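Colleague: Take this structure first; my questions come after.
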Amino acid sequence: MTALKILVIADAHYVDKAQTCPKPDIHTRLRLEFLKIIGRRHVAREKPDVIVLAGDLVNDGLATGVVDDWNSIKTVIKAMGVPSIFIPGNRDADYKTFFSVFEDSPGPHFIREFIIYTFADKYLEDKTSTREVEEINKFNATANKYPGKKIIAFQHSPVYPPIKSDYPYNPINAGEIQDCYAKNRVILSVSGHYHKYLSLTFKDGVGYLTTPALCCEPFNYISIKIAENKIHTELLSCGPVG
1 MTALKILVIA DAHYVDKAQT CPKPDIHTRL RLEFLKIIGR RHVAREKPDV
51 IVLAGDLVND GLATGVVDDW NSIKTVIKAM GVPSIFIPGN RDADYKTFFS
101 VFEDSPGPHF IREFIIYTFA DKYLEDKTST REVEEINKFN ATANKYPGKK
151 IIAFQHSPVY PPIKSDYPYN PINAGEIQDC YAKNRVILSV SGHYHKYLSL
201 TFKDGVGYLT TPALCCEPFN YISIKIAENK IHTELLSCGP VG
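Mapped onto my numbering, the consecutive letters of the sequence shown carry residue numbers 1 to 242.
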């Protein structure tokens, strides 16, 4: 089996034209430079099969000027010359416009013997998230249609492990999602949102990994390599900056 190499970037919270960030001290504009650094340091050298942006690309997806900021990110990522997949986070908000800008959609993305399946989960007014039954059913149908494919699931909110916090990081139906993944031979689930790195852990044969936030020093991202049913992850950094 040919190894699959995935580069994952999450929670850039980039702000330029859409000036809404409450923390201007965390290098909001420089995050576009971080993406360029990743292109020079990692993409050019390692040549991943795909780059996945795992949500919260901007700080406020409803702000005036956000389309300009999304387009700036898109330009930098596309210039790397590697297939790319874009997942909205709670901050990206306007999913319809998000997917229009990035020319992408949730669902299956096929790479050789793998399916990278992406979800755009629903965020509610109380900041909780949930995966709707319709989306679970679509995923089940895809898994049933392609029984020989290995599935990697991507979403913004961490599905596992449970995160104890006043802020609702896990989806409210996380247990149902975990059961769905175990039943459908998902080999790996990758998320963002938490901002901290949660290294690879397993439950019911499914690997779970949470990508750290690019917006927080030392400005981390991760590389994943899957070969011979083994998953290797590497924590990488753009920092320090300034």
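Positions of the beta carbon are idealized from the N, C-alpha and C atoms, including for glycine.
Computed from a prediction, not measured in an experiment: that's the story for all the values here.
1. Is it buried or exposed for residue 212, if we count other Cβ within 10 angstroms and need 16 for buried?
2. Please name the residue, chosen from 37, 131 and 91, that lies closest to residue 77 on a Cα-to-Cα basis.
3. Using a Cβ distance threshold of 8 Å, determine whether the region 87–105 contacts the region 53–73, with at least three qualifying pairs required.
4. Return the CA-CA distance between residue 203 and residue 176, expressed in angstroms with no decimal places.
5. Out of 110, 129, 32 and 115, which has the shortest C-alpha to C-alpha gap to residue 189?
6. For the 8 Å Cβ check, are there 3 or more pairs between the region 189–201 and the region 153–162?
7. For residue 167, is the classification buried or exposed, using 16 other Cβ atoms within 10 angstroms of its Cβ as the cut-off for buried?
8. Would the region 134–154 and the region 107–122 be scored as touching if the rule is three or more Cβ pairs under 8 Å?
9. What whole-angstrom Cβ distance do residue 210 and residue 239 have, given they're in contact under 8 Å?
10. Thinking C-beta only, is residue 87 closer than 8 Å to residue 141?
11. Looking only at its own chain, which residues have a Cβ that is under 8 Å from the Cβ of residue 126, when we skip the five neighbours before and after it?
12. Could you give the residue range of the beta strand (DSSP E) that holds residue 117?
13. Once you ignore the five residues that flank residue 2 on each side, which residues in its own chain have a CB closer than 7 Å to its CB?
14. Give the DSSP-derived three-state secondary structure of residue 174 in the structure shown.
15. My parser needs the alpha helix (DSSP H) runs of 4 or more residues fully inside the region 132–179; what are they?
16. Taking the alpha-carbon positions, what's the residue 230 to residue 31 distance?
17. How should residue 12 be labelled, buried or exposed, when 16 other C-beta atoms within 10 angstroms of its C-beta is the threshold for buried?
18. What is the rounded straight-line gap between the Cα of residue 131 and the Cα of residue 16?
19. For the putative contact between residue 10 and residue 81, defined by C-beta atoms under 8 Å, what is the C-beta separation to the nearest angstrom?
20. Measuring alpha carbon to alpha carbon, tell me which residue in 215, 71, 187 and 102 is nearest residue 194.
21. Which residue wins for smallest C-alpha separation from residue 46, given the options 4, 228 and 96?
22. Taking the straight line between their C-alpha atoms, what separation do you get for residue 144 and residue 184?
Modeller: Short version:
1. Counting every other CB atom within 10 Å of its CB across the protein chains shown gives residue 212 a total of 16 or more, marking it as buried.
2. Considering only 37, 131 and 91, the residue with the shortest C-alpha distance to residue 77 is 37.
3. Counting C-beta pairs with one atom in each stretch, the region 87–105 and the region 53–73 have three or more that are closer than 8 Å, which means they touch.
4. Pairing residue 203 with residue 176, the inter-Cα distance amounts to about 13 Å.
5. Selected option, being the one with the closest Cα: 115.
6. Yes: the two stretches touch, three or more of their Cβ pairs being nearer than 8 Å.
7. Flag for residue 167 reads exposed.
8. Contact annotation: the region 134–154 touches the region 107–122, with at least three C-beta pairs closer than 8 Å.
9. At roughly 19 Å, the Cβ-Cβ gap does not stay under 8 Å, so residue 210 and residue 239 are not in contact.
10. Annotated as distal: residue 141 and residue 87, with beta-carbon spacing of 8 Å or more.
11. Setting aside the 5 residues that flank it on each side, residue 126 is surrounded in the same chain by 168, each with a C-beta closer than 8 Å to its C-beta; the list follows chain order.
12. Residue 117 -> beta strand (DSSP E) spans 114–118.
13. If we look at residue 2 and ignore the five residues flanking it on each side, its Cβ neighbours are 112.
14. In the three-state reduction of the DSSP assignment, residue 174 falls in the helix class.
15. The qualifying runs are 133–145.
16. A straight-line Cα-Cα distance of about 32 Å links residue 230 and residue 31.
17. Residue 12 is classed as buried because its beta carbon has at least 16 other beta carbons within 10 Å across all chains shown.
18. Spanning the alpha carbons of residue 131 and residue 16 requires a straight line of approximately 31 Å.
19. Contact between residue 10 and residue 81 is ruled out by a C-beta separation of about 21 Å, above the 8 Å threshold.
20. Of all alpha-carbon atoms in 215, 71, 187 and 102, the one lying nearest the alpha-carbon of residue 194 is that of 215.
21. Minimum Cα distance to residue 46 is reached at 4.
22. Each residue's Cα considered, the two are about 8 Å apart.
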